[in-house]
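**Q** Got a structure here, written out as structure tokens. Questions coming.
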Amino acid sequence: MPHQEQMMVHGNLCAPGPPNNAGYNSNPVPIIIQTESRDKWSKKMDFLLSVIGFAVDLGNVWRFPYICYQNGGGAFLIPYVLMAVFGGVPLFYMELALGQFHRTGAISIWKHICPIFKGIGFAICIIALYVSFYYNTIIAWALFYFYSSFSSTLPWTNCNNEWNTENCTNYFGKNNVTWTNYSRSPAEEFYMRNVLAVHESSGLGHVGYIRWQLLLCLFLIFTIVYFSLWKGVKTSGKVVWVTATLPYVVLLILMIRGATLPGAWKGVVFYLNPKWEKLQETSVWVDAAAQIFFSLGPGFGVLLALSSYNPFNNNCYRDAIVTSLVNCLTSFVSGFVIFTVLGYMAEQRNVNVEDVARDKGPSLLFITYPEAIANMVGSTFFAIIFFVMMITLGLDSTFGGLEAIITAVMDEYPDTLSHRRELFVLGLVVVCFLGSLSTLTNGGAYVVKLLEEFGVGSSIIAIVFLEATAVSWFYGINRFSNDIKSMLGYTPGLFWKVCWVAISPAFLAYIIISSLMNPQLLTLFDYEFPDWSITVGYIIGASSFIWIPIYMVYKLVWTPGSLKQVRHACESLVDSKCGSYTMSAL
Numbered sequence: 001m002p003h004q005e006q007m008m009v010h011g012n013l014c015a016p017g018p019p020n021n022a023g024y025n026s027n028p029v030p031i032i033i034q035t036e037s038r039d040k041w042s043k044k045m046d047f048l049l050s051v052i053g054f055a056v057d058l059g060n061v062w063r064f065p066y067i068c069y070q071n072g073g074g075a076f077l078i079p080y081v082l083m084a085v086f087g088g089v090p091l092f093y094m095e096l097a098l099g100q101f102h103r104t105g106a107i108s109i110w111k112h113i114c115p116i117f118k119g120i121g122f123a124i125c126i127i128a129l130y131v132s133f134y135y136n137t138i139i140a141w142a143l144f145y146f147y148s149s150f151s152s153t154l155p156w157t158n159c160n161n162e163w164n165t166e167n168c169t170n171y172f173g174k175n176n177v178t179w180t181n182y183s184r185s186p187a188e189e190f191y192m193r194n195v196l197a198v199h200e201s202s203g204l205g206h207v208g209y210i211r212w213q214l215l216l217c218l219f220l221i222f223t224i225v226y227f228s229l230w231k232g233v234k235t236s237g238k239v240v241w242v243t244a245t246l247p248y249v250v251l252l253i254l255m256i257r258g259a260t261l262p263g264a265w266k267g268v269v270f271y272l273n274p275k276w277e278k279l280q281e282t283s284v285w286v287d288a289a290a291q292i293f294f295s296l297g298p299g300f301g302v303l304l305a306l307s308s309y310n311p312f313n314n315n316c317y318r319d320a321i322v323t324s325l326v327n328c329l330t331s332f333v334s335g336f337v338i339f340t341v342l343g344y345m346a347e348q349r350n351v352n353v354e355d356v357a358r359d360k361g362p363s364l365l366f367i368t369y370p371e372a373i374a375n376m377v378g379s380t381f382f383a384i385i386f387f388v389m390m391i392t393l394g395l396d397s398t399f400g401g402l403e404a405i406i407t408a409v410m411d412e413y414p415d416t417l418s419h420r421r422e423l424f425v426l427g428l429v430v431v432c433f434l435g436s437l438s439t440l441t442n443g444g445a446y447v448v449k450l451l452e453e454f455g456v457g458s459s460i461i462a463i464v465f466l467e468a469t470a471v472s473w474f475y476g477i478n479r480f481s482n483d484i485k486s487m488l489g490y491t492p493g494l495f496w497k498v499c500w501v502a503i504s505p506a507f508l509a510y511i512i513i514s515s516l517m518n519p520q521l522l523t524l525f526d527y528e529f530p531d532w533s534i535t536v537g538y539i540i541g542a543s544s545f546i547w548i549p550i551y552m553v554y555k556l557v558w559t560p561g562s563l564k565q566v567r568h569a570c571e572s573l574v575d576s577k578c579g580s581y582t583m584s585a586l
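Quick note: the sequence shown, position 53, residue 53 per the UniProt record's numbering, numbers continuous.
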């Protein structure tokens, strides 16, 4: 990748703003033009599908429906929409605009905003690595299921398999069955004993051996990832035409099939029935804020990276609105896909929907839904397309997460890596593959849970809080608004400015404080994580965030002078060349 200096008009880092445009201040504004040396999207839809594919992931299918019914059903849509409008979407728009204007990744962008916060970029890359260590293992599980689905009788249909135990009980048997606390469905035993083999691990202290079947699945996943990313956005932009659109075709098919099942209406009513009293509970609003944040995905460096390959005058405002709406609507529609099937299962078992809706997280995708599919007419077909959907949803998010690292590092070290993208991507994929090996063991599910909770969790929310603060208060909201005007031709309205300066940071602070005040006991299946593992988790979380203060200290120590030390450490690249420095807000 070229140096940012090569992207400026006449080689200058700054140029005076338009002299007669109202709304511009006297601060120099960097003028960045499209160059042939930096990759760019072949089509606008390549970019939109990449952003949608990243934002719409496995969490949209299982997390939103579960959180929605748990927090008041239809009533939950009120805090969810409010948190989206005042928190999630403004942050989403901010990152798209920053990436498009400065046209660089999550590390180098800080020399244009506020250099002292450059550690944020390094922290984002480390978090993206942690995500790649566990997220692709979940895709590997889906690939294992996909392979197992090519059978006239799905292997999780009955209890006649070598991995089944005497506790295996088929809900859907013709004869009445007695269900006890020790009973396990065929789908549960297939997932627990054949896919994960978690019964061979006593916990994190003894995770056991690597499952060669999962190792092969993960290798195939990373092979697909490599050949999708190795040539840049020109190749990944084509792959997403399949991986980002196919899930919607499958969701439509599954929703139609679910609607025709007996008892489906019970699930829909249970999903949407509003419980207004729930709105008085603080946890409902916290869950709404966290759900919209992790669903849209600001702070992971992906939006910065993907938008940096856009034309300078691309309408990033419209992109932010469209992709946010698609993401939220997908989450809502996924609820119908899930709960029509849960209603069907409740009808078949002659129990309440809430009795079959207790599973959450991956268990909903790997136990509950497959069990329902196994007892449908045409079960093999529906199983195949369901797990194809899961694989493609996961791959899109992986494409975005690794592209964030690739763009950030290559923009930071262009002289070394600009002509070695294929080799760098190969090295990155190998590192991710090796880092995932512990998640492929008998106790790998426990490692996945630990990384998911502590590798991302509060760290990424705190990082986005600092990012929003740095842009709004150090770089200056007026300057940022002027940047957007130079791209779009108009200045963001007061609503967006107020959100960026006050509401969105408060939204993030609310999530952080609430999570710290109400720590949850970490469990998975019947396993309670020991205290030492929680300590390890905090160390993992701190290992990414710690780079922010480390770089701040480094920047202050190595900046020459005394009185000007803090000023130069906070000045953007444009300020240092042009001699201007502002920390304007509204």
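Glycine included, every Cβ here is placed at the ideal spot set by N, Cα and C. Since the model is a prediction, treat every value here as computed from it, not as a measurement.
Assign Phe86 to one of two classes, buried (16 or more other C-beta atoms within 10 Å of its C-beta) or exposed (fewer than that).
**A** By the 10 Å Cβ count, Phe86 comes out buried.
**Q** Is it the case that the Cβ atoms of Phe144 and Val207 are separated by a distance below 7 Å?
**A** Not a contact, by the Cβ cut-off of 7 Å.
**Q** Are Gly72 and Lys278 close, meaning C-beta to C-beta below 7 Å?
**A** Yes.
**Q** Distance check for Cys114 and Gln291, CA to CA, integer angstroms please.
**A** Using only the alpha carbons, I get a separation of about 29 Å.
**Q** Going along the chain, which unbroken runs of the alpha helix (DSSP H) with 4 or more residues stay wholly within the region 235-295?
**A** Counting only runs of 4 or more, we get 246-259 and 264-272.
**Q** Does the separation of the CB atoms of Lys497 and Ile477 fall below 7 Å?
**A** Contact: yes.
**Q** Grab the span of the alpha helix (DSSP H) containing Arg193 for me, first residue to last.
**A** Here Arg193 belongs to no alpha helix (DSSP H), and DSSP marks it neither H nor E.
**Q** Use the C-beta contact count for Phe219: other C-beta atoms within 10 angstroms, 16 or more gives buried, fewer gives exposed.
**A** Exposed: under 16 other Cβ atoms inside 10 Å.
**Q** Going along the chain, which unbroken runs of the alpha helix (DSSP H) with 4 or more residues stay wholly within the region 453-533?
**A** List check, alpha helix (DSSP H) in window: 457-469, 477-488, 494-498 and 504-517.
**Q** State the start and end residues of the unbroken alpha helix (DSSP H) segment that holds Thr340.
**A** Its alpha helix (DSSP H) spans residues Cys316 to Arg349.
**Q** Kindly list the residues whose CB is nearer than 6 Å to the CB of Cys217, restricted to its own chain and excluding five residues on each side of it in sequence; keep chain order.
**A** Excluding residues within five positions, the ones whose Cβ falls inside 6 Å are Ala140, Leu143 and Phe144.
**Q** Can you grab the Cα-Cα spacing for the pair Phe507 / Phe293, in whole Å?
**A** Whole-angstrom Cα-Cα distance: 10 Å.
**Q** Does DSSP classify Gly208 as helix, strand or coil?
**A** Of the three classes helix, strand and coil, the one that applies to Gly208 here is coil, per DSSP.
**Q** Among Val302, Glu354, Asn350 and Ile367, which residue has its Cα nearest to the Cα of Thr398?
**A** Of the candidates Val302, Glu354, Asn350 and Ile367, the one whose C-alpha sits nearest the C-alpha of Thr398 is Val302.
**Q** Return the chain-ordered list of same chain residues with a C-beta closer than 7 Å to the C-beta of Val284, the five sequence neighbours on each side being excluded.
**A** So the list reads Asn71, Gly72, Phe76, Pro79 and Lys278, once near-sequence residues are dropped.
**Q** Rounded to whole angstroms, what's the CA-CA distance from Gly59 to Leu252? Just pull it up for me.
**A** Those two C-alpha atoms are separated by around 18 Å.
**Q** Which residues does DSSP pair with Arg184 in a beta bridge?
**A** According to DSSP, Arg184 bridges with Cys168.
**Q** Exposed or buried, which one is Ile539 when buried takes at least 16 other CB atoms within 10 Å?
**A** It counts as exposed.
**Q** Starting from Val429 and walking both ways along the alpha helix (DSSP H), at which residues does that stretch end?
**A** Here the alpha helix (DSSP H) through Val429 covers Arg421 to Gly435.
**Q** Alpha carbon to alpha carbon, how far is Ile405 from Met255?
**A** If you take the alpha carbons of Ile405 and Met255, they lie about 36 Å apart.
**Q** Can you tell which of Lys43, Thr157, Ser37 and Ala128 has its C-alpha closest to the C-alpha of Thr104?
**A** Thr104 has its Cα closest to that of Ser37, out of Lys43, Thr157, Ser37 and Ala128.
**Q** Using a Cβ-Cβ cut-off of 6 Å (strictly less than) and excluding sequence neighbours within five positions of Val326, which residues of its own chain qualify?
**A** Cβ neighbours of Val326 beyond the five flanking positions: Ile52.
**Q** Would you identify the three-state DSSP class for Gly401, choosing helix, strand or coil?
**A** Residue state, collapsed to three classes: helix.
**Q** How close, in whole Å, do the beta carbons of Gly435 and Phe222 come, if the pair is a contact with beta carbons under 8 Å?
**A** Incorrect: roughly 11 Å between the Cβ atoms, too far for contact.
**Q** With a threshold of 7 Å on Cβ separation, who are the neighbours of Asn21 within its own chain once the five nearest residues in sequence on each side are excluded?
**A** At Asn21, the pLDDT of 38 sits below 50, so the modelled position is not reliable; the number obtained from the coordinates is stated separately. Contacts found: none.
**Q** Going by the beta-carbon positions, is the gap between Tyr369 and Leu261 smaller than 7 Å?
**A** For Tyr369 and Leu261, no; Cβs fall outside 7 Å.
**Q** For Ser108, which residues in the same chain have their Cβ closer than 6 Å to its Cβ, ignoring the five residues on either side in sequence?
**A** Here the set comprises Asp411 and Glu412.
**Q** Just the C-alpha distance for Thr380 and Ser236, rounded to the nearest angstrom, thanks.
**A** Cα to Cα, Thr380 sits roughly 30 Å from Ser236.
**Q** Going straight from the alpha carbon of residue 623 to that of Glu371, what length do you get?
**A** Any property of residue 623 remains undetermined from this structure, which presents the chain solely from 1 to 586.
**Q** Would you grab the beta carbon distance between Gly99 and Ser308 for me? Rounded to a whole angstrom, and I think it's under 8 Å.
**A** Indeed, because the Cβ distance is near 4 Å, the residues count as touching under 8 Å.
**Q** Between Leu204 and Ala197, what straight-line distance do the alpha-carbon atoms span, to the nearest angstrom?
**A** Cα-Cα distance, rounded: 14 Å.
**Q** Work out the CA separation of Gln348 and Gly394 for me, nearest whole Å.
**A** Those two C-alpha atoms are separated by around 31 Å.
**Q** According to DSSP, is Thr559 part of a helix, a strand, or is it coil?
**A** DSSP places Thr559 in coil when its eight states are reduced to three.
**Q** Look up Thr157 in the DSSP assignment and say whether it is helix, strand or coil.
**A** Correct three-state label for Thr157: coil.
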